[in-house]
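Numbering (my numbering), first residue to last: 1 to 122.
By construction, the Cβ of each residue, glycine as well, lies at the ideal position given by its N, Cα and C atoms.
Shown next as structure tokens:
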């Protein structure tokens, strides 16, 4: 199999030693980066099966669907994998906010310019 040219299935992805793969979650129409999370094989499959994003929580050691408690869900539009098949890019339509802080995106603070709030909470 040629990972750079042949279509892959979840079984063909390169998961790390903990069985995880990073997933960048991006708003499909604005291309805004919403969050980064980790998936294992089962959460990748469940995401593809349900059309909602599912992740593996490293801190809680359990599966979770984005928005299962908040209602801020993500409808999956597409799932791409990179040339090495060791990272995912998940295009979604975000309902509500992506970040648990109440911000639209988890990327709202600047390291280069800490005095600027890029995307303050509403």
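Discussion item. On the CB-based measure, 16 or more other CB atoms within 10 Å of its CB, does residue 23 come out buried or exposed?
Written reply: buried
Worksheet entry | Residue environment, residue 47, which counts as buried when at least 16 other CB atoms sit within 10 Å | buried
Worksheet item: Considering only residues of the segment 86-112, which uninterrupted beta strand (DSSP E) runs meet the minimum length of 3 residues and lie entirely inside it, listed in chain order?
Response: 88-94
Worksheet entry | Helix, strand or coil at residue 78 according to DSSP, with G and I counted as helix | strand
Practice prompt. Provide the residue(s) that pair with residue 55 in DSSP beta bridges, ordered along the chain.
Written response: 64
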